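First up is the structure itself, then whatever we jot down about it.
In the numbering used here, the protein residues as written are 11 to 360.
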């Protein structure tokens with residue numbers, strides 16, 4: 011492979027199709043690319059559902075959304091991938107090597123196509139690759155950029171909220187009597203049972219926090235198909251917990267999290283949004299490893315560390331690492347993080 015340390019690309023394509031949290035975790039790499047090549051346009055290829063993560067990002071010149079329904083026709087899909095690939099990119103960075111990414115690469119004449127080490131049958135699609143450095147997920151992604159002279163140095167995920175979105179959050183908090191007192195956001199959902207702490211445990215921890223700090227309230231977050239679980243947690247937690255009437259969009263959720271003193275949840279996208287808006291977070295880990303957690307004592311990945319951890323399985327007969335991880339085990343850490351969040355909010359409003 012030729013040395014690409016001295017290249018000077020004018021147009022860069024970053025391929026990160028999914029999931030929402032993973033796209034957010036790609037934003038440090040986008041920042042680093044922008045700082046390394048300040049004159050270059052940075053484009054991002056991603057799925058339609060992930061577009062809100064990148065909206066308003068000053069380093070992203072253009073977002074190429076993949077609407078899977080609109081591209082259900084194979085010929086229409088190929089035409090779209092061709093239009094992306096033939097857009098005159100000098101550098102393509104592929105973080106996933108998914109089929110749709112590879113179609114774009116096939117249509118591209120980019121002189122540099124960079125990724126992690128591909129399998130032998132994909133090597134013709136890439137000109138350069140770099141070994142992945144294990145650790146925090148955003149660091150892993152950025153390690154692919156090493157041949158460009160780029161190194162991750164603790165950069166956080168980023169979401170660029172607008173003033174209008176912040177005003178929406180403030181109005182919502184006033185509506186629910188949360189504007190003047192401290193509150194936490196709670197994400198009790200996950201599509202995988204091995205990553206979902208029991209609803210009763212979330213509710214118990216909310217009650218314990220309320221007993222220690224009577225002015226503290228909780229807003230239960232939910233996404234499509236998750237409202238029933240959110241309402242279950244709120245019902246079990248008592249009158250200090252609430253569920254909004256309408257589901258928040260990703261960006262509205264982030265704006266609300268920015269006002270919270272703590273985010274409490276499972277290992278899913280909202281934990282990464284909490285890092286992006288600088289709100290302390292406490293994540294209950296089930297089957298997944300702690301590489302998803304930002305390396306800071308303000309963002310804690312809590313785990314029972316049983317002998318089977320991390321198994322990364324999607325099913326489990328006992329779910330012991332979640333069922334036996336009791337709210338009392340997490341209370342002290344939650345209170346420590348809330349103290350940090352309270353002080354930060356006090357400073358911001360001073």
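We put the CB at the ideal spot given by N, CA and C, even for glycine. In this text the structure is predicted, and so the values were computed from the model without any measurement.
{"Asked": "Identify whether residue 197 lies in helix, strand or coil by the three-state DSSP scheme.", "Found": "strand"}
{"Asked": "Hey, is the segment 176–189 in contact with the segment 210–225, meaning 3+ C-beta pairs nearer than 8 Å?", "Found": "no"}
{"Asked": "Specify the secondary structure class of residue 305 as computed by DSSP and reduced to three states.", "Found": "coil"}
{"Asked": "Do residue 266 and residue 258 have their C-beta atoms closer together than 8 Å?", "Found": "yes"}
{"Asked": "What number of angstroms, rounded off, separates the C-alpha of residue 328 from the C-alpha of residue 87?", "Found": "43 Å"}
{"Asked": "Here's the rule I'm using: 16 or more other beta-carbon atoms within 10 Å means buried, otherwise exposed. How should residue 175 be labelled?", "Found": "buried"}
{"Asked": "Are the beta-carbon atoms of residue 285 and residue 243 separated by less than 8 Å?", "Found": "no"}
{"Asked": "Just curious, the beta strand (DSSP E) that residue 22 is in, first and last residue?", "Found": "21–25"}
{"Asked": "Taking 8 Å as the threshold (C-beta atoms), are residue 70 and residue 54 in contact?", "Found": "yes"}
{"Asked": "Within a Cβ cutoff of 7 Å, which residues of the same chain sit near residue 79, ignoring the five residues on either side of it in sequence?", "Found": "none"}
{"Asked": "Which residues in the same chain have their Cβ closer than 8 Å to the Cβ of residue 301, if we skip the five residues on either side of it in sequence?", "Found": "144, 145, 146, 147, 150"}
{"Asked": "Please state whether the Cβ-Cβ distance between residue 275 and residue 331 is less than 8 Å.", "Found": "no"}
{"Asked": "Please give me, in chain order, every unbroken run of the alpha helix (DSSP H) with length at least 4 that falls completely inside the segment 181–265.", "Found": "209–222, 237–247"}
{"Asked": "Nearest-angstrom Cα distance between residue 157 and residue 120?", "Found": "16 Å"}
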